[in-house]
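Going by the numbering used here, the sequence shown wraps up at 251, each residue one higher than the last.
Think of the CB as a built atom: it goes at the ideal place given N, C-alpha and C, for glycine as much as any other residue.
First the structure, in the form of structure tokens, and then the observations on it.
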Amino acid sequence: MKTDKILATRTHKVIYQVGDKVWKVFDTNYPKTDVLNEALNQARVEETGLPIPKVHGVTVTEDGNWAIISDYIEGETLAEKMAKEPENVEKYMKEFVEIQLEIHDKTAPLLNKMKDKMSGRINSLKAVNATTRYELSTRLESMPKHKKVLHGDFNPTNVVIGQDGTYYILDWSHATQGNASADAATTYLLLTLQDPKLAEMYMNLFCDMSDTAKQYVQRWLPIVAASRLTKAIPEEKELLEKWLDVVEYE
């Protein structure tokens, strides 16, 4: 694999540009099943017609690392555009929400169910007591069951605007099907960790544009915070644990 450049370095993976393709190369000890599941997620989302990089293959590098090969999309992310043009942040945030609503308008029946994924994470979360896990599980089970495509990590760094003005949605490793407000709560959480003011702008726009009560999205916040807490990222721990206290004990 002769690389052009490193596009990003993430936990357990490095993303390279190789000509007109992207190679996402995983650590040697990264589970094969997770690599194959990510490629399968992306292929299933491709079938919905959403504008995403197409998967071209799954392979093993000369060093024995698993890799997913997909299209390289040249352009700027929405995050980069927001940083360069602070006067247009609200305009770009509206575009961001419109794209997320387009995702939620799709279905992909073979994607894993978001409720199953979050239930497993909550039950594995030994950093909180059994009572809190029970309350979180009860709330999760009580939430309406939907079958919409969910990105699971939707933030402005995962939307690229191509040179022709076409947008593309990247990184489908966390894709599931389920309730759109859970996806919105996850996006709100991710933005809060970076910029609380931007997160509030997002929440208000999402609720207005989707005609969703803000209180309904907020009911998902303890659930998505618990799910995120399983990643054990030290700098996020205090905020996420604070959000767990939002649980209503009835």
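Please state whether DSSP places residue i in a helix, a strand or coil.
i    : result
H57  : strand
K238 : helix
L338 : What the structure shows of the chain is the stretch from 2 to 251, and residue 338 is not part of that stretch, so it cannot be assessed.
T231 : coil
I16  : strand
L151 : strand
Is residue i buried or exposed, if buried means 16 or more other CB atoms sit within 10 Å of its CB?
i    : result
N42  : buried
T12  : exposed
I123 : buried
A185 : buried
P32  : exposed
Ignore the nearest five residues each way along the sequence and tell me which others in residue i's own chain have a CB closer than 7 angstroms to its CB.
i  : result
V1 : The requested residue 1 does not occur in the structure, where the chain is confined to residues 2 to 251.
Identify, in the order they occur along the chain, each residue of the same chain with its Cβ nearer than 6 angstroms to the Cβ of residue i, setting aside the five sequence neighbours on each side.
i    : result
H175 : G153 and D154
V90  : M83
K238 : none
H105 : K149 and A181
I70  : K22, W24, H57 and G58
At a cut-off of 7 angstroms, would you count residue i as near the ligand SAH, judging by its Cβ distance to the nearest heavy atom?
i    : result
T231 : The ligand SAH is not among the ligands present in this structure, which contains no ligands whatsoever.
Please list, in chain order, all residues of the same chain as residue i whose beta carbon is under 8 angstroms from its beta carbon, the five residues on each side excluded.
i    : result
K215 : M204, N205 and C208
Q164 : E75 and G76
D5   : Y17, Q18, V19 and G20
W244 : L190, L222, P223 and A226
Our contact map puts residue i next to residue j with C-beta atoms below 8 angstroms; I'd like the distance itself, whole angstroms only.
i    : j    : result
M119 : N180 : Going by Cβ atoms, the distance from M119 to N180 rounds to 10 angstroms, so no, they are not a contact pair.
Worksheet item: Which parts of the stretch 154–183 are runs of the beta strand (DSSP E), unbroken and 3 residues or longer, counting only runs that do not cross its ends?
Response: 160–163, 168–170 and 177–179
Worksheet item: Taking the runs of the alpha helix (DSSP H) that are 4 residues or longer, which of them lie wholly in the stretch 97–134?
Response: 115–125
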